[in-house]
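Numbering (our numbering), first residue to last: 2 to 310.
Presented below is the structure to which this report refers.
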């Protein structure tokens with residue numbers, strides 16, 4: 002089924018074979034994490050394997066191949082460019098290489114991509130300022146946003162986020178995953194969030210649900226990731242169906258820990274979703290994206306064709 006992918010971290014999509022070839026040890030598949038820190042440390046171990054231009058370009062092109070093979074027509078991939086630049090001693094090379102890989106993948110596999118630059122809430126404001134400078138230099142970057150440990154407030158980053166907004170960038174923040182509804186309210190007000198990364202805990206606040214529904218703010222829901230992090234006991238108990246029933250704009254995503262095709266299949270098997278209900282989720286992913294209107298229309302038409310076929 003044609004679809005868009007809005008919430009996936011490039012470092013978490015690296016193929017297991019690629020990790021081995023770069024000298025790393027792939028993580029144990031489907032093993033729940035004991036804490037968010039363990040999850041972050043695993044991602045850091047993969048990041049450490051990416052050392053030169055070839056590595057970054059390779060994982061970006063492989064990402065395109067893997068996404069296109071699952072019916073993804075458009076993907077907004079999150080990349081922590083500033084952190085990589087600091088680590089390798091070249092502020093721009095990692096992003097330049099990733100953009101080259103995405104361009105090559107787009108030409109070869111027929112997928113459209115854009116980049117979101119994320120920033121850990123634990124890191125200094127100055128690094129986010131650098132991400133903003135990068136974003137304004139490369140038109141393939143369409144958004145920036147806060148990620149990482151939600152116990153750290155968004156308020157210290159308000160000025161940079163406002164500057165990003167004035168520069169015409171979109172704003173997408175992780176919230177309502179490990180922290181409660183207050184974290185979502187904060188990124189809506191302080192961070193001017195146009196989408197919410199995760200947001201599974203918004204159901205704890207009926208007034209917030211009503212606001213999100215009225216404003217049609219999409220949620221980037223990542224069911225399997227939530228289970229792996231121990232935030233939800235099992236997929237059968239995941240709140241995704243309740244979020245949909247509440248009238249919220251729900252999109253299905255991976256966070257990078259699984260395949261998007263697998264997530265849709267789990268929605269069918271575990272939530273009992275029909276083709277029509279899966280198509281509604283796919284349409285929401287397209288409409289909730291920052292893709293150009295013409296591309297949105299084409300992908301939506303493909304979804305309709307898939308459903309009628």
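We put the CB at the ideal spot given by N, CA and C, even for glycine.
The structure displayed is predicted, hence computed values, not measured ones.
Distance check between residue 303 and each of 73, 26, 57 places 73 closest, using alpha-carbon atoms only. Comparing alpha carbon positions, the residue from 92, 76, 75 closest to residue 82 is 92. Relative to the Cα of residue 117, the nearest Cα in the group 77, 130, 111 belongs to 77. Between the C-alpha atoms of residue 71 and residue 38 there is a straight-line separation of about 30 angstroms. For the set 170, 163, 195, 165, the Cα lying nearest the Cα of residue 176 is the one of 195. Fewer than three Cβ pairs drawn from the segment 260 to 269 and the segment 290 to 309 lie within less than 8 angstroms of each other, which leaves the two stretches out of contact. Between residue 308 and residue 277, the beta carbon gap of about 7 angstroms places them in contact (Cβ cut-off 8 angstroms). With respect to the 7 angstroms criterion, residue 150 and residue 182 are not classified as neighbours on the basis of their beta carbons. Residue 115 carries a strand assignment under DSSP once its states are collapsed to helix, strand and coil. Taking all protein chains shown into account, residue 4 has 16 or more neighbouring C-beta atoms within 10 Å of its C-beta and is therefore buried. With respect to the C-alpha of residue 24, the residue from 50, 140, 168, 243 having the closest C-alpha is 50. Ranking 162, 169, 89, 129 by CA distance to the CA of residue 189 puts 162 first.
Fewer than three Cβ pairs drawn from the segment 44 to 63 and the segment 233 to 250 lie within less than 8 angstroms of each other, which leaves the two stretches out of contact. Boundaries of the beta strand (DSSP E) harbouring residue 198: 196 to 199, taken from the DSSP string. Boundaries of the alpha helix (DSSP H) around residue 64: 54 to 69. Straight through space, the alpha carbons of residue 57 and residue 20 are spaced by roughly 12 angstroms. With respect to the 7 angstroms criterion, residue 301 and residue 287 are classified as neighbours on the basis of their beta carbons.
Boundaries of the beta strand (DSSP E) around residue 76: 73 to 80. In terms of Cβ geometry, residue 61 and residue 102 form a close pair [threshold 7 angstroms]. Under the criterion of beta carbons closer than 8 angstroms, residue 256 and residue 8 qualify as touching, at roughly 6 angstroms.
Scanning its chain for C-beta atoms nearer than 8 angstroms, with the 5 sequence neighbours on each side dropped, one finds around residue 198 the residues 8, 146, 148, 173, 174, 175, 176, 178, 221, in chain order. For residue 256, the pairing in a beta bridge is given by DSSP as 9. Residue 135 is positioned such that its CB atom lies no closer than 7 angstroms to that of residue 100. A residue is called buried when at least 16 other Cβ atoms come within 10 angstroms of its Cβ; residue 53 does not meet this threshold and is exposed.
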